[in-house]
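K.L.:
Please find one structure pasted underneath; my questions will follow.
Chains as they are written, first to last, in the working numbering: chain A, -10 to 106; chain B, 172 to 284.
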């Protein structure tokens, strides 16, 4: 099946710094990708929909100026956590849909664990 | 309002025993329903999905799920669990076969010898 990768898999940063997380569709093109956040022992919450070549659509309560999303190509979306604080520590997961497949399917990346000190 | 409810936060099952995970949903339109599994520190793997047709859906790893419209349920089952089935299981609902999903809170499955 199709593969979605994320980089880095794990990152530790100091409070106040910015962190960029990449989400790549390795063998298919994804005009739309999704970013989720998962706090420990909790479910996934959709943060935003990343659209190639246009602005991302953010879910209610998600600060667009804090979580910058750039979907510059059909295989890459990036999430930048700006001025990160300890409360931003979480597991960030992206997903991408393979609309070109015979049966549309969505694939999830392996996740990025962010720890802000 | 759309919602997905997984009533069981935690289930312990003996290896070889059967497993059933409950999922109830509330959705305005005809939903796509999914079950995902997540191993510790890992992303999500799709077990199965349902939109239409036969209400009993077969998935990977020996899992199946049954859609019951009258009960707004989509319960996941496995006849005989293996130790490797220990993981977190999420039920999710969406508007199409792929796209943004609303997830349930998850059910942690522990498998004992």
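All C-beta atoms, glycine included, are put in the ideal place defined by N, C-alpha and C.
#1: Can you confirm whether residue 230 of chain B, when its beta carbon is compared against all beta carbons of chain A, has any partner nearer than 7 angstroms?
#2: For residue 202 of chain B, is the classification buried or exposed, using 16 other Cβ atoms within 10 angstroms of its Cβ as the cut-off for buried?
#3: If residue 204 of chain B sits next to residue 246 of chain B, beta carbons under 8 angstroms apart, how far is it from one beta carbon to the other, in whole angstroms?
#4: Using the beta-carbon of each residue, which ones in chain B are nearer than 8 angstroms to residue 100 of chain A?
#5: Could you check whether residue 276 of chain B and residue 209 of chain B sit closer than 7 angstroms to each other, using their CB atoms as the reference points?
#6: Is residue 254 of chain B helix, strand or coil by DSSP?
#7: Tell me the start and end of each unbroken beta strand (DSSP E) in the stretch 49 to 100 of chain A that is at least 3 residues and wholly inside, in chain order.
#8: Near residue 281 of chain B, which residues of its chain fall below 8 angstroms by C-beta distance, leaving aside the five closest residues on each side in sequence?
#9: Taking the straight line between their C-alpha atoms, what separation do you get for residue -6 of chain A and residue 85 of chain A?
#10: For chain B, check one thing: does any of its Cβ atoms lie closer than 7 angstroms to the Cβ of residue 20 of chain A?
#11: Below 7 angstroms between beta carbons is the criterion; list the residues of the stretch -8 to 26 of chain A that meet it against any residue of chain B, in chain order.
#12: Using only CA atoms, which one of B/283, B/284, B/278, B/273 lies nearest to residue 172 of chain B?
#13: State yes or no: is the beta carbon of residue 86 of chain A nearer than 7 angstroms to at least one beta carbon in chain B?
#14: Taking 7 angstroms as the threshold (C-beta atoms), are residue 67 of chain A and residue 9 of chain A in contact?
#15: Can you tell me where the beta strand (DSSP E) holding residue 269 of chain B begins and where it ends?
#16: Tell me the residue span of the beta strand (DSSP E) that contains residue 192 of chain B.
#17: How is the beta strand (DSSP E) around residue 205 of chain B delimited, first residue to last?
#18: Strictly below 8 angstroms CB to CB, what residues from chain A border residue 271 of chain B?
#19: What ranges does the beta strand (DSSP E) occupy inside the stretch 20 to 48 of chain A, keeping only unbroken runs of at least 3 residues that lie completely in it?
#20: I need the boundaries of the beta strand (DSSP E) containing residue 227 of chain B, first residue and last residue.
#21: Enumerate in chain order the residues of its own chain whose CB-to-CB distance from residue 230 of chain B is below 6 angstroms, with the five nearest sequence positions on each side excluded.
#22: So if DSSP puts residue 11 of chain A in a beta bridge, which residue, or which two residues, is it bridged to?
#23: Within this structure, are the beta carbons of residue 15 of chain A and residue 25 of chain A separated by less than 7 angstroms?
P.N.:
Per the coordinate set shown:
#1: no
#2: buried
#3: About 10 angstroms separates the two Cβ atoms, so there is no contact after all.
#4: 212, 213, 214
#5: no
#6: helix
#7: 56 to 62, 65 to 70, 79 to 87, 94 to 97
#8: 181, 182, 183, 184, 257
#9: 10 angstroms
#10: no
#11: 23
#12: B/273
#13: yes
#14: yes
#15: Run containing residue 269 of chain B: none; DSSP gives neither H nor E here.
#16: 190 to 192
#17: 203 to 209
#18: 23, 35, 38
#19: 21 to 27, 33 to 40
#20: 227 to 229
#21: 218, 219
#22: A/-4, A/67
#23: no
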